[in-house]
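Asks: After the structure tokens below, expect a handful of questions from me.
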Amino acid sequence: MPQIQVKTPVKKVLNKTTPGLQIWRIEDMEVVPFPSKAYGQFFEGDSYIILYTTQVHSSFTYDIHFWLGKSTSQDEQGAAAIYTTLMDDHLGGVAVQHREMQGYESDTFRGYFKQGIVRSAEHWSFDHSEEKIYISSHSNSRTLLSSLFLYVCFITQYLLYTLKKLFKATFLLVLLNSCPNSAHSEFVFLAFQRCNLHF
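The numbering of the sequence shown is UniProt numbering, which starts it at 1 and goes up by one.
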């Protein structure tokens, strides 16, 4: 394999005093900042570097992950590994390095993305959907629609159940208020319980 030549000075793209996530994608042997709105999307044809910075008082700790899609090129894999090492050097050699393979991500890595990880079979493009509300091995509109359909069904079922309970309570209250005395009220209540008004 030919020697890999990286092109980006990491000190120009890395902020070592910013807590939280910073993500870059390898593009033509350069490390390119990834849009924050797309955090959690990873395309299987690409390689990424993810830096998680934690601040404790005036000190910082760092975890650097390089994520490799199953279809990413050997050159991009090598560039991701090299940039990870360069970033660690820039951070003073104190970062913990992690190698993440598509489909075998660590729990630590998954924990950064509370809404889940989306993996797509395509390379990143700015017109790609930025939805990331489910976990899937392939970004798939059917999967998203199925999830939304199940959610709508759940909400509908809950609303119907609530309305039925409310109707029963209201109907019983009307019956009890129409009774001339307590004996009639007790009879109506017992009859209502026995019948349970299944509908």
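Heads up, the beta-carbon is just placed ideally off N, CA and C, and yes, glycines get one too.
Check whether the region 92 to 103 and the region 62 to 73 touch, using three or more Cβ-Cβ pairs below 8 Å as the test.
Replies: They touch, by the three-pair rule.
Asks: Report the start-end ranges of each alpha helix (DSSP H) in the UniProt domain "Gelsolin-like" (31 to 110) that is 4 residues or longer and not cut off at the edges.
Replies: Within the UniProt domain "Gelsolin-like" (31 to 110), the complete alpha helix (DSSP H) runs of at least 4 residues are 74 to 90 and 107 to 110.
Asks: Using three-state DSSP, classify Val13 as helix, strand or coil.
Replies: On the sequence shown, position 13 is the one that residue 13 refers to. Three-state DSSP puts Val13 in coil, outside helix and strand.
Asks: Go to Gln115, then tell me how far its beta strand (DSSP E) extends in each direction, as first and last residue.
Replies: Along the sequence shown, one-based indexing puts residue 115 at 115. Gln115 -> no beta strand (DSSP E), and no H or E assigned at all.
Asks: Under 8 Å, do Arg110 and Phe42 count as touching if we go by C-beta distance?
Replies: In the sequence shown, the residue the question calls residue 110 occupies position 110. In the sequence shown, the residue the question calls residue 42 occupies position 42. In this structure, Phe42 does not lie closer than 8 Å to Arg110 by Cβ.
Asks: Just how far apart, CA to CA, sit Thr84 and Gly78?
Replies: As a first step, residue 84 is located in the sequence shown; it is residue number 84 there, counting from the start. As a first step, residue 78 is located in the sequence shown; it is residue number 78 there, counting from the start. Taking the straight line from one Cα to the other gives about 10 Å.
Asks: Short check: CB of Glu76 to CB of Ile23, under 8 Å?
Replies: Along the sequence shown, read from residue 1 onward, the residue named residue 76 stands at position 76. Along the sequence shown, read from residue 1 onward, the residue named residue 23 stands at position 23. No, Cβ-Cβ distance for Glu76 and Ile23 is not below 8 Å.
Asks: When we look at the beta-carbon of Val20 and count the other beta-carbons within 10 Å, is it buried (16 or more) or exposed?
Replies: On the sequence shown, position 20 is the one that residue 20 refers to. One point to set straight first is that residue 20 is Gly, not Val, in the sequence displayed. Gly20 should be labelled exposed.
Asks: Taking buried to mean at least 16 other C-beta atoms within 10 Å of its own C-beta, is Asp107 buried or exposed?
Replies: As a working mapping, residue 107 is identified with position 107 in the sequence shown. Exposed is the call here.
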